[in-house]
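Going left to right, the sequence shown walks through residues 359 to 777 as the working numbering numbers them.
The structure appears below as structure tokens.
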Amino acid sequence: MGVARSAPALVVIVVVPLVVALGLAVALAVSRRGQRQSAVAAARAQAAVEAERDDAVEARVQLERALDAIPQAVLITDPAGQVVVRNRVAETFAAARHSDALVEAAIEELLAEALEGRVGHRTIDLFGPPRRTLVIVTNPLPDGALAVVDDISERRRLEATRRDFVANISHELKTPVGAMGLLAETLMAEDDPAVSRRLAERLVNEAFRLDRTIEDLLVLSRIEGEEDPLHQPVPVALVLAAAVERIGPAAEQADIAIHVSAPDAAVAIHGDRPQLVSALYNLLDNAVKYSDAGAVVEVRATAVGDAVAIEVRDHGIGIPKGDLERVFERFYRVDQARSRATGGTGLGLAIVRHVATNHDGEVRVESRPGEGSTFTLVFPRASDEPASSAAARPPQSASSSSSSSSSRGPSGPEKAGIA
Ligand code: ADP
């Protein structure tokens with residue numbers, strides 16, 4: 359009985375708390391699992407958000423790098439007009455310089471209009487120096503505005519150069535053609551055979567001048583088109599020999615002696631032989647044209663370290679200091695009359711400069727009026743052998759003199775074409 363009475367009590371005292379405790383433990387475990395699961399889910403969500411944020415940051419960095427790499431200035435604003443993207447070029451306008459501040463002000467004004475939905479376009483000329491022309495284009499964006507600023511100064515300069523060139527060519531061609539027309543008309547009305555002959559000779563001279571100008575223009579355009587000429591080693595001694603041979607008849611006619619000092623046959627330049635011969639021929643042609651009868655012209659090539667210098671020195675009329683920079687321009691002549699009288703086209707030095715540029719070289723000039731000029735072509739040396747050994751070798755010397763004998767006919771000294 360006692361036992362019978364104590365059994366329910368046992369249930370109450372022992373089992374119920376046990377069941378309750380068990381229930382609590384299960385509930386706790388379930389809730390802990392739930393907590394763990396939700397913590398994992400939260401961490402996953404957090405990671406996803408962070409990954410998204412990283413992706414966005416990466417995308418923005420990439421976009422900024424791309425925008426920094428383009429030559430135009432780019433600015434993007436938010437809907438309130440606050441600039442949120444400004445690339446590297448656009449940074450320069452934020453500088454304090456007066457002209458840049460003008461550009462910045464124009465950009466701000468156009469961006470404000472773009473935020474109101476209007477497309478903008480403005481050209482700004484900055485008088486420098488350097489002189490610059492900028493074009494600002496602005497566009498509305500769904501949530502802001504975009505401005506792109508393009509520096510078109512170089513394009514403008516090229517257009518102006520092309521326009522000048524066309525005008526110069528027209529003038530250069532018009533002059534001999536006009537002269538030929540007049541000479542032909544006069545010739546038609548002339549009865550005296552001696553006068554007719556003189557007129558005919560002048561007519562032929564003008565025709566030759568026209569021909570040389572067109573030939574030089576073709577050479578120039580061919581050289582300009584060949585920015586990367588065949589780069590084979592060309593022995594400098596061969597270039598000298600070919601150019602000196604070509605100038606021979608004109609030098610003889612003008613009673614000019616050409617003294618040559620050529621380097622060892624191993625000294626070479628990487629490049630295009632006809633172009634190199636053409637450049638040197640043009641320098642020799644000028645040296646002969648602008649020297650007096652009986653003078654000497656020296657052509658000397660030397661290897662100095664990794665470079666080769668080809669020097670053409672004359673003792674002729676020289677070039678005034680103020681013209682030295684300009685003589686390499688097309689059709690620039692110090693003395694129009696002398697250039698024309700000697701059959702010059704005004705294109706020889708432009709050809710020389712182009713050939714030098716095409717061969718990663720340069721051309722320099724030193725001159726004194728009344729004393730003479732020295733033009734020097736400098737090219738990188740073809741490195742088939744150690745530069746030091748060849749540089750140490752003294753250049754071989756040769757000398758060729760000419761006397762006045764053979765005649766070149768009415769065309770006079772011929773201007774260079776590519777051999
Ligand atoms: P051109 O056909 O008139 O000689 P170039 O382009 O070869 O044209 O030379 C341009 C100008 O530079 C010449 O008209 C001349 O005034 C000047 N010049 C070039 N070389 C010499 C020189 N060796 N001595 C004096 N003047 C020179």
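Beta carbons: idealized from backbone N, C-alpha and C, even for Gly.
Nothing here was measured: the structure is a model prediction, and the numbers come from that model.
For G674, the shortest C-beta to heavy atom distance toward the ligand ADP is below 8 angstroms. Counting C-beta pairs closer than 8 angstroms gives fewer than three between the region 540–549 and the region 499–517, which falls short of the contact rule.
If only complete runs of 3 or more residues are kept, the region 526–613 shows the beta strand (DSSP E) at 590–593, in order along the chain. Collapsing the DSSP output to three states places I627 in a strand.
DSSP assignment within the region 678–717 yields no whole beta strand (DSSP E) run of 3 residues or more.
Bounds of any beta strand (DSSP E) do not take in S457; it lies within the alpha helix (DSSP H) bounded by H456 to L473.
D672 sits close to T732, with the two beta carbons spaced by under 9 angstroms. Straight-line measurement puts the Cα of G536 at about 33 angstroms from the Cα of E584.
In the three-state reduction of the DSSP assignment, E512 falls in the helix class, which pools H, G and I. Rounded to whole angstroms, G701 and T450 show a C-alpha spacing of 51 angstroms. In the structure shown, the three-state DSSP call for E729 is coil. Taking the C-beta atoms as reference points, A653 is found no nearer than 9 angstroms to I605.
In the DSSP annotation of this structure, A448 is not part of any beta strand (DSSP E); the continuous alpha helix (DSSP H) holding it starts and ends at R446 to F451. By the neighbour-count criterion, in which a residue is buried when 16 or more other Cβ atoms sit within 10 angstroms of its Cβ, T481 is exposed. Under DSSP, G478 shares a beta bridge with T496. The closest CA to that of V657, considering only F737, L568 and A595, is found on A595. Judged by DSSP in its simplified three-state form, F523 adopts helix. Per DSSP, A653 lies in no beta strand (DSSP E) segment and is marked neither H nor E. The three-state reading of DSSP puts D436 in coil, since its state is none of H, G, I, E or B. Between the region 672–683 and the region 624–640, the count of Cβ pairs shorter than 8 angstroms is below three; the stretches do not touch. By the Cβ rule, the region 691–699 does not count as touching the region 556–563, because fewer than three pairs are nearer than 8 angstroms.
Ranked by Cα distance from L641, the first of I668, V577, K532 and V407 is I668. Pairing R631 with V597, the inter-Cα distance amounts to about 7 angstroms.
Less than 9 angstroms divides the Cβ of I428 from the Cβ of V447. Between L705 and V721, the CB-CB gap reaches or exceeds 9 angstroms.
Nearest in C-alpha terms to K647, of all of P591, R696 and R684, is R696.
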